[in-house]
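Enquirer: I'd like to ask some things about the structure below.
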Amino acid sequence: MRVIHLSLTDFRNYESVDLDLEPGPNLFVGSNGQGKTNLVEALGYLSTLASHRVSTDHAMIRQGHDAAIIRATLSNGEKSILAEVQLNRIGANRAQINRSAIKTRELPRYFSSVLFAPEDLALVRGDPSGRRRFLDELLVLRTPRMAGVLADYDRVLRQRNSLLKSARASGVRGNLSTLDIWDERLVTLGTEIIDARARLVDELRPEVDAAYASIAGIEHAASLATRLSILSSGIDPDEQEAAAEPVSADRLTAGQTAEAFAAAISRLRKSELERGITLVGPHRDDLVLTLNELPARGYASHGESWSFALALKLAAAAVLRRESSAGDPVLILDDVFAELDESRRGRLADAVASFEQVLITAAVGNDVPADLARAPVHIRAGRIVTASADE
Ligand SMILES: Nc1ncnc2c1ncn2[C@@H]1O[C@H](COP(=O)(O)OP(=O)(O)O)[C@@H](O)[C@H]1O
Ligand SMILES: [Mg+2]
Numbered sequence: 003m004r005v006i007h008l009s010l011t012d013f014r015n016y017e018s019v020d021l022d023l024e025p026g027p028n029l030f031v032g033s034n035g036q037g038k039t040n041l042v043e044a045l046g047y048l049s050t051l052a053s054h055r056v057s058t059d060h061a062m063i064r065q066g067h068d069a070a071i072i073r074a075t076l077s078n079g080e081k082s083i084l085a086e087v088q089l090n091r092i093g094a095n096r097a098q099i100n101r102s103a104i105k106t107r108e109l110p111r112y113f114s115s116v117l118f119a120p121e122d123l124a125l126v127r128g129d130p131s132g133r134r135r136f137l138d139e140l141l142v143l144r145t146p147r148m149a150g151v152l153a154d155y156d157r158v159l160r161q162r163n164s165l166l167k168s169a170r171a172s173g174v175r176g177n178l179s180t181l182d183i184w185d186e187r188l189v190t191l192g193t194e195i196i197d198a199r200a201r202l203v204d205e206l207r208p209e210v211d212a213a214y215a216s217i218a219g220i221e222h223a224a225s226l227a228t229r230l231s232i233l234s235s236g237i238d239p240d241e242q243e244a245a246a247e248p249v250s251a252d253r254l255t256a257g258q259t260a261e262a263f264a265a266a267i268s269r270l271r272k273s274e275l276e277r278g279i280t281l282v283g284p285h286r287d288d289l290v291l292t293l294n295e296l297p298a299r300g301y302a303s304h305g306e307s308w309s310f311a312l313a314l315k316l317a318a319a320a321v322l323r324r325e326s327s328a329g330d331p332v333l334i335l336d337d338v339f340a341e342l343d344e345s346r347r348g349r350l351a352d353a354v355a356s357f358e359q360v361l362i363t364a365a366v367g368n369d370v371p372a373d374l375a376r377a378p379v380h381i382r383a384g385r386i387v388t389a390s391a392d393e
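Residue 3 is where the sequence shown starts when you use our numbering, and the numbers rise one by one after that.
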């Protein structure tokens, strides 16, 4: 799959931009703060409905304006489609495919991309929520139906939490039949998420190890394990992390998840009522990353953490590529090369060379290996400028 054309209106610092993209590598060059990341952020949004930098959409709407529009012509081999999303300051966002309205959350069906940016270091060093988001975004790209399951789970979780809170406030301990209904929904939806993540992690595992070796040029046994809150004592995630053994999903065989989930909920009923929150479920799980059997978080060096984060993204791209009938995901490397030494740059260039389309940003064009740096596009102050005008 690839992007043929991108047009932005009032997106970040772009008042209006129209840009043709090439198959293979596309390099965007410009000094800091000119709009390179903004450009690729727009494409990332089109494929995941999220920015890799901000959690609210409003930051992406140009200052002083009411709406931003991202519009892209995409090709997946034979077909080309026009995908569009409008981010509104007031009211819901709107999406269109070939100029017909669709539900915004359906948009990721049409475009898959994998974006890697310096912020992704948090995948390795940050808290579990970033790793859960990594898995869930990939689940949705692979199986769009999962967007609905994840949204339903969130809704059930919120409802159940507010019920727990009001039960706590009113001191109700006996009559909790409503809670049973939410428990059942929570377990059904949560089980689907836990099992889907587990299958995904199984697929990612060998890819991550291979990608790490290909980037770092060294075998470091980069591995993944799932820490499941339903198998834990329900203590705080931070305490769980301090515990020596990750509570691993490997201990569950297929079909046992729902049972373990239901058992955890009844075991923790008292604590949940005391605290007024749902203590176990996929919203409290973690993906534990290890290098040579040591947790990467807290042990890996800066360079190792960086390689691991990149390996996760390349593994995601490999999994999507293998499965998709629409071809490779578009690979986006935002400001990555400046962080790498010469040999890692070369190895990364080799690792991405076979992708249908790769979008790369760099402040310094020379940081990017020559194979990926054909016909760079120069960006200044939210405009595409000619190469000579950039100096
Ligand atoms: N909503 C917005 N409206 C106007 N300008 C914005 C908005 N969001 C970001 N910017 C501007 O975009 C620029 C940053 O662009 P960015 O793509 O991150 O730069 P870089 O080229 O370094 O990747 C900054 O000058 C910032 O002020
Ligand atoms: Mg940038």
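Glycine is no exception: its CB is placed at the ideal position from the N, C-alpha and C atoms. All of these numbers come straight from a predicted model, not from anything done at the bench.
#1: For Ala355, which residues of its own chain have a beta-carbon under 6 Å away from its beta-carbon, when the five flanking residues on both sides are left out?
#2: Go through the residues and name those whose CB comes closer than 5 Å to any heavy atom of ligand 1, in chain order.
#3: By how many angstroms is the C-alpha of Ser216 removed from the C-alpha of Val290?
#4: Any idea what DSSP makes of Pro208, helix, strand or coil?
#5: Whose C-alpha, out of Ile63, Ser77, Gly37, Val42, is nearest the C-alpha of Arg4?
#6: Leaving out five residues on either side along the sequence, give the residues of the same chain with a beta carbon under 7 Å from the beta carbon of Ala313.
#7: Would you call the segment 159-170 and the segment 276-283 in contact, with 3 or more CB pairs under 8 Å?
#8: So if DSSP puts Val19 in a beta bridge, which residue, or which two residues, is it bridged to?
#9: Please classify Ser102 as buried or exposed, where buried requires at least 16 other C-beta atoms within 10 Å of its C-beta.
#10: Grouping DSSP H, G and I as helix and E and B as strand, with all else coil, what is Asp392?
#11: Distance check for Arg160 and Gly367, CA to CA, integer angstroms please.
#12: Do you know offhand how far Arg127's Cα is from Glu306's?
#13: What residue from Glu86, Ala319, Ala94 has the CA that sits closest to Val109's CA?
#14: Can you tell me whether Leu117 is buried or exposed, with buried defined as 16 or more other CB within 10 angstroms of its CB?
#15: Go through its chain and collect everything with a Cβ distance to Ile386's Cβ below 8 Å, but skip five positions before and after it.
#16: Within the present structure, is the beta-carbon of Asp369 separated from the nearest heavy atom of ligand 2 by less than 7 Å?
#17: Nearest by alpha-carbon distance to Thr106: which of Leu152, Ala94, Leu374 is it?
#18: So the candidates are Val338, Ala364, Gly35; which of them puts its Cα closest to the Cα of Asp122?
#19: I'd like the ranges of any beta strand (DSSP E) spanning at least 3 consecutive residues and lying wholly in the segment 76-126.
#20: Give me the residue from Leu152, His222, Gly132 with the minimum Cα distance to Leu296.
#21: Check whether the Cβ atoms of Ser33 and Ala365 sit closer than 8 Å, and answer yes or no.
#22: Relative to the C-alpha of Leu45, which residue among Val282, Arg162, Ala70, Ser309 is closest?
#23: Ligand 2 and Asp336: does any heavy atom of the ligand fall closer than 7 Å to the residue's C-beta?
#24: Tell me, to the nearest whole angstrom, how far the beta carbon of Pro27 is from that of Val332; I am working on the premise that it is less than 8 Å.
#25: Using three-state DSSP, classify Val387 as helix, strand or coil.
#26: By the three-class DSSP mapping on this structure, what secondary structure does Arg229 have?
#27: So does Thr363 have its beta carbon nearer than 7 Å to some heavy atom of ligand 2?
#28: Do the segment 183-193 and the segment 254-274 meet, that is, are 3 or more Cβ pairs less than 8 Å apart?
#29: For Pro25, is the classification buried or exposed, using 16 other Cβ atoms within 10 angstroms of its Cβ as the cut-off for buried?
#30: Using the DSSP secondary-structure output, state which residues sit across from Thr363 in a beta bridge.
#31: Using the Cβ count rule (16 or more neighbours within 10 Å means buried), how would you classify Val31?
#32: With a cut-off of 8 Å, do at least 3 Cβ pairs link the segment 54-69 to the segment 128-144?
#33: On a CA-only basis, which of Thr11, Asp336, Ala298, Glu80 is nearest Leu89? Give me that one, please.
#34: Which of the three DSSP states is assigned to Ile72 in this structure?
Expert: The answer reads as follows:
#1: none
#2: The filter returns Arg14, Asn15, Asn34, Gly35, Gln36, Gly37, Lys38, Thr39, Asn40, Arg64, Gln65, in chain order.
#3: 21 Å
#4: DSSP places Pro208 in helix when its eight states are reduced to three.
#5: Ser77
#6: Val210, Ala213, Tyr214, Ile217, Ala224
#7: yes
#8: Leu10
#9: Under this definition Ser102 is an exposed residue.
#10: Residue placement at Asp392 is flagged as unreliable, the pLDDT there being 43, under the threshold of 50; a coordinate-derived value is accordingly withheld.
#11: 47 Å
#12: Each residue's Cα considered, the two are about 11 Å apart.
#13: Inspection of the sequence shows that residue 109 is occupied by Leu rather than by Val. Nearest C-alpha to Leu109: Glu86.
#14: buried
#15: Here the set comprises Val19, Leu21, Val379, His380.
#16: no
#17: Ala94
#18: Val338
#19: DSSP runs (the beta strand (DSSP E)) wholly in the segment 76-126: 81-90, 96-99, 102-104, 115-118.
#20: His222
#21: When the beta-carbon positions are compared, Ser33 and Ala365 come within less than 8 Å of each other.
#22: Ala70
#23: yes
#24: The pair is not a contact, with the Cβ atoms about 11 Å apart (cut-off 8 Å).
#25: Reduced to three states, the DSSP call for Val387 is strand.
#26: strand
#27: yes
#28: yes
#29: exposed
#30: Bridge partners of Thr363: Phe30, Asp336.
#31: buried
#32: no
#33: Thr11
#34: strand
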